[in-house]
Each structure stands twice: as C-alpha cells, then as structure tokens.
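S.K.: One structure follows; several queries about it will come next.
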Amino acid sequence: MRIPDYEVHPIFVARWSPRSFSNEVIDDATLFSLFEAARWAPSGNNSQPWRFIYARRDSIHWDSFADLLNEKNRLWASKASALVILVSKTTHVRKGASEATPLRNHSLDAGAAWANLALQAEFLGWKTHAIGGFDREKARELLQVPAGFQVELAIAVGKQGDATSLAEEFLERERPTPRNPVNSFTAEGIFSFADDLAVREVVSR
Ligand SMILES: Cc1cc2nc3c(=O)[nH]c(=O)nc-3n(C[C@H](O)[C@H](O)[C@H](O)COP(=O)(O)O)c2cc1C
Numbered sequence: 001m002r003i004p005d006y007e008v009h010p011i012f013v014a015r016w017s018p019r020s021f022s023n024e025v026i027d028d029a030t031l032f033s034l035f036e037a038a039r040w041a042p043s044g045n046n047s048q049p050w051r052f053i054y055a056r057r058d059s060i061h062w063d064s065f066a067d068l069l070n071e072k073n074r075l076w077a078s079k080a081s082a083l084v085i086l087v088s089k090t091t092h093v094r095k096g097a098s099e100a101t102p103l104r105n106h107s108l109d110a111g112a113a114w115a116n117l118a119l120q121a122e123f124l125g126w127k128t129h130a131i132g133g134f135d136r137e138k139a140r141e142l143l144q145v146p147a148g149f150q151v152e153l154a155i156a157v158g159k160q161g162d163a164t165s166l167a168e169e170f171l172e173r174e175r176p177t178p179r180n181p182v183n184s185f186t187a188e189g190i191f192s193f194a195d196d197l198a199v200r201e202v203v204s205r
C-alpha cells in the first residue's frame with residue numbers, strides 16, 4: 001500500500017496514525033525528544049509560533065485533556081501515553097518593530113512543527129495521531145490559552161498496541177493509508193492540475 005514513487009528516507013513512508021495505543025506511560029526523555037524535533041521546524045521570520053501543552057496519562061491533567069476530545073476520538077485516544085494540544089501564536093513583533101503585527105503563517109508553521117514531532121516519534125518507535133475532532137473552545141478555557149493564540153490540533157502520542165481491542169469501526173481502518181502519486185500534485189511552471197481545474201469550472205458555472 002505504501003510504495004514511494006521516488007527514493008525517500010523510509011521514515012516518511014513508515015509514519016502512520018494508528019488508533020490502537022497501548023496504555024503505557026511515556027518518560028520525559030522521549031516526550032521532550034519529540035518537542036526538541038518540533039523546535040527545529042522552519043517558520044516565517046523564525047517566529048516559532050508553536051506552543052505545545054501536554055498531559056501525560058499518569059498525570060492529574062489526563063482526564064480533563066481526554067474530555068476535550070470528541071467522543072469517537074476519545075474512545076481510542078484515551079489509551080495513548082500523552083495528549084498534546086498544539087496552539088499557535090497569531091502575531092509577532094518583527095525585528096526593529098515595537099508592536100506585534102499579524103503573523104500570516106502561524107498555522108503553517110505550527111503544522112511544520114507537528115510534522116517534525118510525528119517523524120521523531122516514529123524514529124524513536126512511538127506513534128502519533130493528529131486529532132482535529134476536539135472542542136477548541138473548551139481547550140482554550142481549560143488550558144487558559146490567551147487571546148492572540150489559536151488552538152490548532154490535539155495530538156495523541158503512544159506505543160502501538162493490540163489492534164484487536166479496538167472497536168470494529170476502527171479496526172477496519174487500522175492500517176497505513178495510501179497517497180496520491182507525486183505527479184498528481186506537482187506541476188512545472190503553471191497550475192496545470194486537470195482535476196482541480198475541472199472542479200473550479202463547476203464552481204464558477
Ligand atoms: C489536522 C488533522 C486532523 C485530524 N483529525 C483526526 C481526527 O479527528 N480523528 C482521527 O481519527 N484522525 C484524525 N486525523 C488523522 C488523519 O485521518 C490521518 O493522518 C490521515 O488519514 C493520513 O493517515 P496517516 O496519518 O496514517 O498517514 C487528523 C489528521 C490531521 C493532520
């Protein structure tokens with residue numbers, strides 16, 4: 001299912017998002033190695049707008065973090081080792097300026113940091129699963145996220161566990177997903193993606 005079109009480091013193809021987590025506790029060295037990887041992501045103006053707020057499963061924060069997730073996501077993610085909420089800063093004080101101005105790339109940069117984190121987890125033999133299905137307003141309140149920050153994503157981190165304990169609806173999806181071929185999303189010189197242009201035609205009609 002996952003054969004690259006071109007040669008690439010195997011970690012990119014190996015990373016996938018299971019739902020069968022194994023309940024185990026994560027140590028600081030592992031967790032902070034993931035944040036360290038996130039740290040080195042590129043960002044506009046080197047503004048580094050990512051903020052990671054975490055709860056380990058053996059901490060007092062765990063239940064309230066798990067409660068942020070939509071019911072379906074909570075079913076499987078409550079067996080993860082850590083839940084991380086990714087928040088991005090929407091403004092930045094540019095060099096030489098005295099006041100903060102809007103940061104256009106805050107979500108993009110936070111996404112780059114999340115990707116680094118996920119790949120480092122894979123490298124260390126851990127798994128991650130991004131979760132968009134959670135209550136962002138509740139997260140803002142619980143985590144006391146101030147104005148000027150956007151709640152982006154929840155991330156489950158854990159060791160892959162026994163898939164047979166998953167609910168049936170998850171079991172059938174418990175495998176690495178395929179990807180579109182490289183030539184379907186790359187073009188030289190001009191936006192020449194036939195499928196996308198066909199959609200645009202329908203939209204503008
Ligand atoms: C922004 C974002 C939000 C996601 N939200 C959810 C979610 O709410 N629930 C879920 O089960 N998976 C979620 N996923 C996981 C994606 O479905 C998964 O990454 C995608 O199908 C590709 O599969 P892979 O990560 O196994 O390669 C999310 C992923 C991303 C990047």
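Going by UniProt numbering, the sequence shown opens with residue 1, and the numbers climb by one from there.
Glycine residues also receive a C-beta, built at the ideal position from the N, C-alpha and C atoms.
#1: How far does the beta strand (DSSP E) with H129 in it extend, from its first residue to its last?
#2: Starting from L143, trace the alpha helix (DSSP H) in both directions and tell me its first and last residue.
#3: Return the Cβ separation of L153 and I131 in integer angstroms, given the expectation that the two are a contact with Cβ distance under 8 Å.
#4: Work out the CA separation of A115 and W126 for me, nearest whole Å.
#5: For the alpha helix (DSSP H) that F12 lies in, which residues bound it at each end?
#6: In the structure shown, what three-state DSSP assignment does H106 receive?
#7: Only counting the same chain, and skipping five residues up and downstream in sequence, which positions put a Cβ closer than 7 Å to that of E168?
#8: R149 to A110, Cα distance in whole Å?
#9: Between which two residues does the beta strand (DSSP E) carrying E152 extend?
#10: What did DSSP end up calling S184 once you bin it into helix, strand or coil?
#11: How is the beta strand (DSSP E) around V87 delimited, first residue to last?
#12: Does the beta-carbon of F134 have 16 or more other beta-carbons within 10 angstroms, so that it is buried, or is it exposed?
#13: Quick test of your reading: S22 and Q160, contact by CB under 8 Å. State the CB separation rounded to the nearest angstrom.
#14: Return the first residue and the last residue of the beta strand (DSSP E) that R51 is part of.
#15: On a Cα-Cα basis, can you pick out the residue from T90, I53 and N45 that is closest to A139?
#16: Grouping DSSP H, G and I as helix and E and B as strand, with all else coil, what is L69?
M.R.: Result, derived from the coordinates:
#1: Stepping through the sequence shown from its first residue, residue 129 is reached at position 129. Counting along the chain, the beta strand (DSSP E) containing H129 begins and ends at K127 to I131.
#2: Taking the first residue of the sequence shown as position 1, residue 143 is located at position 143. Where L143 is concerned, the enclosing alpha helix (DSSP H) stretches over R136 to L143.
#3: Translated into the one-based positions of the sequence shown, residue 153 becomes position 153. Translated into the one-based positions of the sequence shown, residue 131 becomes position 131. Contact holds; Cβ gap of about 7 Å.
#4: The residue labelled residue 126 in the question sits at position 126 within the sequence shown. The residue labelled residue 115 in the question sits at position 115 within the sequence shown. Looking at the two C-alpha atoms, the distance is approximately 14 Å.
#5: Counting from one through the sequence shown, the residue named residue 12 turns up at place 12. P10 to A14 is the extent of the alpha helix (DSSP H) around F12.
#6: Walking along the sequence shown from the start, residue 106 turns up at place 106. H106: helix per DSSP, three-state reduction.
#7: Within the sequence shown, the letter at position 168 stands for residue 168. Closer than 7 Å at the Cβ level, and outside the excluded window around E168, lies no residue.
#8: The count along the sequence shown starts at 1 and reaches residue 149 at position 149. The count along the sequence shown starts at 1 and reaches residue 110 at position 110. For the sequence presented, residue 149 should be read as Phe rather than Arg. If I take the Cα positions, the gap works out to 11 Å.
#9: On the sequence shown, position 152 is the one that residue 152 refers to. Here the beta strand (DSSP E) through E152 covers F149 to G158.
#10: Counting from one through the sequence shown, the residue named residue 184 turns up at place 184. The answer is helix: DSSP assigns S184 an H, G or I state.
#11: The sequence position of residue 87 within the sequence shown is 87, counting from 1. Element bounds for V87: A82 to K89.
#12: Here residue 134 is taken as the residue at index 134 of the sequence shown, counted from 1. Counting Cβ neighbours within 10 Å, F134 comes out buried, since at least 16 surround it.
#13: As a working mapping, residue 22 is identified with position 22 in the sequence shown. As a working mapping, residue 160 is identified with position 160 in the sequence shown. That pair is a contact at about 7 Å.
#14: Walking along the sequence shown from the start, residue 51 turns up at place 51. Residues W50 to R56.
#15: Counting from one through the sequence shown, the residue named residue 139 turns up at place 139. When only C-alpha atoms are compared, the closest one is I53.
#16: Residue numbering aside, residue 69 sits at position 69 when the sequence shown is read from its first letter. Of the three classes helix, strand and coil, the one that applies to L69 here is strand, per DSSP.
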